[in-house]
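> Quick note, the sequence shown lines up with residues 150 to 592 if you use this note's numbering.
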Amino acid sequence: MRSIIPDYLTDALGDVEPDVSGELAAYIPELAGADPDRLGAVFATLDGRIYGAGDIDHEFTIQSISKPFTYALALADRGFYPVLDKVGVEPSGEAFNQISLEQGTGRPLNPMINAGAITAHSLAGPQGLDPAGRVERVIDGLSAFAGRRLAVDEAVCASEMADAHRNLAIAHMLRSYDILTEDPTAVVEGYVRQCSVLVSARDLAVMAATLANGGVNPLSGEQVVHQPVVRQVLSVMATCGMYDAAGDWATHVGIPAKSGVAGGLIGALPGQIGIATFSPRLDAHGNSVRGVSLFEQFSSDAGLHVMEVPESAPSVVRSNRVDGDQSDAVRVIQLQGGIRFAGAERIVREAAGNAFPETRVALDLSMVYSIDDVARRMLLEVTRRLTLDGHDVYLVDPESIVPDPDPGDGGRVTVVEDLAHIVRNVHAPSQAMSGPAELRVPT
Ligand code: GLN
């Protein structure tokens with residue numbers, strides 16, 4: 150069978166292709182020479198599958214899409230507080246190149262506008278690094294996100310730098326407030342180099358997928374940055390990534406995103422997918438016209454809005470039944486799926502709401518594929534309280550979803566690989582569902 154997804158992407162490109170509205174970013178002269186008709190879209194899955202249509206390998210400069218990644222590097226290299234001290238996280242509601250800083254402190258409002266991005270660039274790498282070393286750190290870092298070595302487009306870099314009066318003005322303002330503590334020109338040169346890194350839509354989708362994948366590049370397997378950094382970056386992308394169109398984007402599309410004036414646009418949907426589009430004509434906000442349309446289409450067609458999540462918690466308890474006969478009877482609470490706080494609450498409710506007559510209680514985790522830290526601790530507290538109530542508690546955990554379980558004071562739990570270790574006549578779940586001793590859980 151031919152895959153559905155490339156066909157879908159080709160159709161989506163066909164839908165937006167006739168729209169030739171918008172303008173190339175002429176304020177960087179070299180960008181004004183780009184081919185305005187280029188169009189491409191890529192989906193990158195979190196296990197490294199790439200689906201694309203159109204111009205997915207054509208290279209263009211990353212521009213502002215470098216901002217979230219450099220912010221991630223600064224957070225990883227310097228820690229949160231030194232960075233937050235110098236760059237805020239408030240949406241500015243202003244254009245990307247607005248010369249505005251927080252009243253009093255001079256702090257840029259967020260790292261997605263130029264003022265914040267120039268500051269974030271100055272914070273990449275260890276303190277005391279010279280400007281050349283910092284650029285190297287940034288290009289190394291962007292390359293790690295992309296999973297291949299990236300290069301700089303020298304012509305675009307020189308073209309932007311020759312006319313960088315606005316960014317130089319911003320940097321001088323930052324210097325006057327001591328947000329920048331070094332030569333503003335050198336920092337702007339580094340930032341412009343960072344913006345001139347060449348990428349394809351394919352690279353951008355992998356970079357986005359790395360963010361969606363908790364910081365692990367799906368192609369190389371490298372943990373580029375850690376989860377707390379990813380959370381911070383995605384939050385800022387969600388609130389500030391589309392500049393003064395951020396609110397519209399959040400409600401219509403609902404995917405943490407970032408655009409660049411060369412026509413790139415990325416979206417990173419945590420736990421699901423990295424998306425990139427490329428189409429150089431820009432709207433009044435500096436966002437790719439056809440890129441925005443494609444993302445609107447992807448979000449509604451594929452149900453990708455981050456606020457639209459499946460209601461999975463109630464089904465965490467698959468069944469609550471008794472296996473075995475009288476003296477051999479075991480209360481089996483069979484769990485399934487991914488368990489977080491709301492799912493763990495269902496387990497607590499199941500155990501707290503019933504005084505089980507059986508001495509032995511088994512929590513069956515064999516159909517659970519993930520459990521986060523909070524849910525794991527709640528589950529262990531359930532086992533501890535069941536022990537204190539006089540039960541012998543078992544965890545059926547063949548894949549060590551809860552490794553080395555320690556229920557704490559007064560708790561005791563025995564881990565087994567299979568229910569058959571504790572029950573002589575194990576019912577298959579489907580049989581148990583209709584068995585007399587079973588208490589079926591509504592889903
Ligand atoms: N290098 C560009 C600038 O600083 C990046 C802007 C953008 O892509 N929005 O003006």
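From the three backbone atoms N, C-alpha and C, an ideal C-beta is built for every residue, glycine too.
1) Between GLN212 and the ligand GLN, is the CB less than 7 Å from at least one heavy atom?
2) Using a Cβ-Cβ cut-off of 6 Å (strictly less than) and excluding sequence neighbours within five positions of MET516, which residues of its own chain qualify?
3) List the whole-angstrom C-beta distance separating THR536 from ARG561, where the pair is believed to meet the contact cut-off of C-beta under 8 Å.
4) Please list, in chain order, all residues of the same chain as VAL572 whose beta carbon is under 6 Å from its beta carbon, the five residues on each side excluded.
5) Give the single residue among ALA269, MET456, ILE177 and GLY440 whose Cα lies nearest to the Cα of PRO231.
6) Can you give the Cα-Cα distance for SER579 and TYR543, rounded to whole angstroms?
7) Identify whether VAL441 lies in helix, strand or coil by the three-state DSSP scheme.
8) Taking 8 Å as the CB-CB cut-off, is VAL365 touching chain C?
9) Tell me, please, which residues DSSP counts as bridged to PHE218.
10) Going by DSSP, name the residue or residues bridged to ASP594.
11) Spatial neighbours of LEU443 within its chain, please: C-beta separation below 7 Å, excluding the five flanking residues on both sides.
12) Helix, strand or coil for GLN485? Go by DSSP, reduced to three states.
13) Could you compute how far the alpha carbon of ALA350 sits from the alpha carbon of PRO185?
14) Per DSSP, what kind of secondary structure is GLY557 in: helix, strand or coil?
15) Just to confirm, is the Cβ distance from GLY440 to LEU414 under 8 Å?
16) Tell me the rounded alpha-carbon separation between LEU528 and ILE211.
17) Going by DSSP, name the residue or residues bridged to ARG509.
18) Pull up the CB-CB distance for TYR220 and VAL385, whole angstroms please, since I reckon it's below 8 Å.
19) Quick check on this structure: which residue in ALA193, GLY253 and GLU172 has the alpha carbon closest to the alpha carbon of THR359?
20) Indicate whether ILE424 and ALA357 have their beta-carbon atoms separated by less than 8 Å.
21) May I ask you to list the residues that DSSP assigns as paired with GLN372?
22) Can at least three beta-carbon pairs, one atom from the stretch 227–242 and one from the stretch 389–404, be found at a separation below 8 Å?
23) Comparing the CB of ASN259 with every heavy atom of the ligand GLN, is any distance shorter than 7 Å?
24) For TYR518, is the classification buried or exposed, using 16 other Cβ atoms within 10 angstroms of its Cβ as the cut-off for buried?
25) Pair every Cβ in the stretch 321–329 with every Cβ in the stretch 246–258, then say whether three or more of these pairs are closer than 8 Å.
26) Could you tell me whether any non-hydrogen atom of the ligand GLN is closer than 7 Å to the CB of VAL287?
27) Between the beta-carbon of ILE214 and the beta-carbon of GLU309, is there less than 8 Å?
28) In angstroms, rounded to a whole number, what distance separates the CA positions of ARG187 and VAL551?
29) Indicate the three-state DSSP secondary structure (helix, strand or coil) for SER308 in the structure shown.
30) Examine the ligand GLN and report whether any of its heavy atoms sits within less than 7 Å of the Cβ of CYS344.
31) Express the C-alpha separation of ILE288 and ILE319 in angstroms, rounding to a whole number.
32) Among the residues of its own chain, which have a CB less than 6 Å from the CB of VAL523, if the five just before and after it don't count?
33) Assuming PRO260 contacts VAL284 under a Cβ cut-off of 8 Å, what Cβ separation, rounded to an integer in Å, is found between them?
34) Compute the Euclidean distance between the alpha carbons of GLU303 and VAL341, then round it to the nearest angstrom.
35) Looking at C-alpha atoms only, which residue of THR400, ALA511 and ASP477 is the closest neighbour of GLU457?
36) Roughly how many angstroms lie between the CA atoms of SER583 and VAL481, to the nearest whole one?
Reading off the structure:
1) yes
2) GLN485
3) 5 Å
4) ASP472, GLY473 and VAL479
5) Ranking the options by Cα distance to PRO231, first place goes to ALA269.
6) Its pLDDT being 42, under 50, SER579 is placed unreliably by the model, and nothing is read from it.
7) helix
8) Of the protein chains in this structure there is only one, and it is not chain C.
9) BP columns for PHE218 are empty, so no partner.
10) One cannot answer for residue 594 here, as it falls past the ends of the chain, which runs 150 to 592.
11) ALA161, VAL165, ALA190 and THR426
12) strand
13) 15 Å
14) coil
15) One thing to note: GLY440 has its Cβ within 8 Å of the Cβ of LEU414.
16) Their Cα atoms are separated by approximately 45 Å.
17) As a beta-bridge residue in DSSP terms, ARG509 pairs with VAL479 and ASP541.
18) 7 Å
19) ALA193
20) yes
21) VAL365
22) yes
23) Outside the cutoff, so no.
24) exposed
25) Counting C-beta pairs closer than 8 Å gives three or more between the stretch 321–329 and the stretch 246–258, which meets the contact rule.
26) no
27) no
28) 50 Å
29) Looking at SER308 - three-state DSSP - the assignment turns out to be helix.
30) At least one heavy atom of the ligand GLN falls within 7 Å of the beta-carbon of CYS344.
31) 23 Å
32) The answer, listed in chain order, is PHE490.
33) PRO260 to VAL284, Cβ: 18 Å. No contact.
34) 10 Å
35) THR400
36) Low per-residue confidence applies at SER583: pLDDT is 34, beneath 50, and the placement is therefore not dependable enough to give any value.
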